[in-house]
Structure formats: C-alpha cells, structure tokens
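**Q**
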Amino acid sequence: MTTAQILSRARQEKRTVLTEIEAKQILGEAGINCTSTVLATTKAEAVVLSEEIGYPVVLKISSVDITHKSDSGGVKVNLANKEAVEQAYDAIMTSCRAYAPEAEIEGVAVQGMAKVGTEIIMGMIKDASFGPVVMFGLGGVLVEVLKDVSFRIVPIDKADAEDMTSEIQGKKLLAGYRGQDPADVPCLQDMLVKLSDFVNETPGIEEIDMNPVFAYKDGAVVVDARIILSA
Ligand code: ADP
Ligand code: MG
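In our numbering, the protein residues as written are -19 to 211.
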C-alpha cells in the first residue's frame, strides 16, 4: 500500500494510531531505510514469511491497541528456526491477550533481525508554539535518563541536520568509542532531512517515533517506528 492509501484507510477507520508495519511502509516510501516488515495473521503464515525473509527473524505483536510492544511481551527477537517462530507466536498471543484483553490483534509483524549498531532515536513532535520539530538523540539509557537530544523546527536542510548530530552531549559515541564502530553520521543526517521533508509535505501527522534506529559504519536502519495522526 502507498502512503496515501494507508492514511486514507486509517482515516476511514477513525484511527489515529498506525501499526509498525504501516509506519515503516510510509517511512520507506519517504526514502528512510527500515527493516522489511510484513504481517502474518496465522502461525503457519508467520513460518512461511520467516522462511522467505531468512532466519534469524523477529516477531512482534501487531495491534493498534498495543503501542508499547515489549511491555506486553509482544516482541521476540533472534528466532533461528521454525520451532522458535512457532513458540514465539504462541507466547506473544498468550501474553498480549492477558496484558490487553480488549485489544484488537491483527497478527504478528515478521521482520529480519538487524545486527546491533549504535542505538539512535529520531522523531517528530508538534510544539505548541513552533509547530512540527524533528528530534535526534542517542538511544537507550542516554536518552531516557540524560535526555540527550537535539531539536530543529521543520523544515530543516543538510546544515541543520549537521548541527543536530553535533549538538548532542554523547556525540563522541557516534565517532566510535572504545573500539566500537563509528556511526555513519552523514547517513543519519540524510535521514533527518528526509524525515523533515516528509513531515513538511504530509499534512495530518501528529507524531513520529523511530526508536531504535541502528547506525553502522555504512548505513543505518529503522528497527521500530510509530506514527500518530492528528485527531
Ligand atoms: P517497543 O514497542 O517495545 O518499543 P521494539 O520494536 O522497539 O518494541 O522492540 C524492542 C527491542 O527489540 C528494540 O529496542 C530492539 O533492541 C529489539 N528489536 C526490535 N526489532 C528488531 C529487529 N528487527 N532486529 C533487531 N532487534 C530488534
Ligand atoms: Mg521501540
């Protein structure tokens, strides 16, 4: 489905929350690299799709009513074979039904297991006075505890994106720290500009959250994405 189709379907269904699958499809169309992610509505289909994608895979609950998927036991990573996928499917369904009995569950999102990189977060929020702003930060504890993030008002250009990546406290980590690979910072800057362009061109988007993005020596990939539409 195209971005326009996804947005109009959500509007018709009177929903403001997009699924991870929809969010990654839209970001992908905007030129932002995401792990390829597909919907399985049965256990058997999850196995077939896992085999197509190639092991190891990740299974995640797909429900517009469950936006924090790990909290509900809805994420199983590093599944290496058919048996692991079948077990993960059952475990996800059992724990998500217990966690949110009223949730409408459409199935599971099957995706390739991305290799670990430098954890980044990117997103967009609407500021009451400035309107849409894009956000960049390091992922994990650094963003949760230290709030080490930078913001710019949409639209941004390449120079703004360069400022954003150099403003954060933990920027040394992007350069590679204690033998860790450096992050492909130009690629991250390019993603920020594409995110800003998308927001600028697409009315009705309230919030975007890409958490985490894994950055590598060459390239970067969005591993989880959330999009909220304006009411
Ligand atoms: P949540 O809704 O809880 O934020 P995520 O999709 O972010 O769920 O998954 C939780 C964690 O699982 C991520 O922070 C990441 O470390 C890991 N993870 C999720 N998807 C993948 C993937 N495709 N490849 C590798 N790791 C993943
Ligand atoms: Mg996440």
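Where a beta carbon is used, it is the ideal one built from N, C-alpha and C, also for glycine.
Treat the numbers as computed from the prediction; the structure is a model and nothing was measured.
Which partner residues does residue 117 have in the DSSP bridge list?
**A** 101, 129
**Q** Measuring only the C-alpha atoms, how far is residue 140 from residue 132?
**A** 7 Å
**Q** Could you check which residue in 159, 144, 187, 44 has the C-alpha nearest to that of residue 166?
**A** 144
**Q** Any heavy atom of ligand 2 within a distance shorter than 6 Å of the CB on residue 58?
**A** no
**Q** Would you say residue 191 touches ligand 2, meaning its beta carbon is less than 6 Å from a heavy atom?
**A** Residue 191: yes, Cβ under 6 Å from ligand 2.
**Q** Less than 7 Å between the C-beta atoms of residue 87 and residue 30, yes or no?
**A** no
**Q** Please give me, in chain order, every unbroken run of the alpha helix (DSSP H) with length at least 4 that falls completely inside the stretch 150 to 199.
**A** 151 to 154, 165 to 181
**Q** On the DSSP bridge list, what partners appear for residue 206?
**A** 189
**Q** May I have the straight-line CA-CA distance separating residue 14 from residue 69, to the nearest angstrom?
**A** 22 Å
**Q** Residue 161: beta carbon under 6 Å from a heavy atom of ligand 1?
**A** no
**Q** For residue 150, tell me which candidate among 119, 194, 50, 62 has the shortest Cα-Cα distance.
**A** 119
**Q** Taking DSSP's pairing of strands, which residues face residue -13 in a bridge?
**A** Residue -13 is not bridged to any residue.
**Q** Report the rounded CA-to-CA distance for residue 163 versus residue 173, giving the unit in angstroms.
**A** 17 Å
**Q** Where residue 126 and residue 28 are concerned, what is the direct C-alpha to C-alpha distance, given to the nearest angstrom?
**A** Distance from the CA of residue 126 to the CA of residue 28, rounded to the nearest whole angstrom, comes to 42 Å.
**Q** Note the first and the last residue of the continuous alpha helix (DSSP H) segment covering residue 8.
**A** Element bounds for residue 8: 0 to 9.
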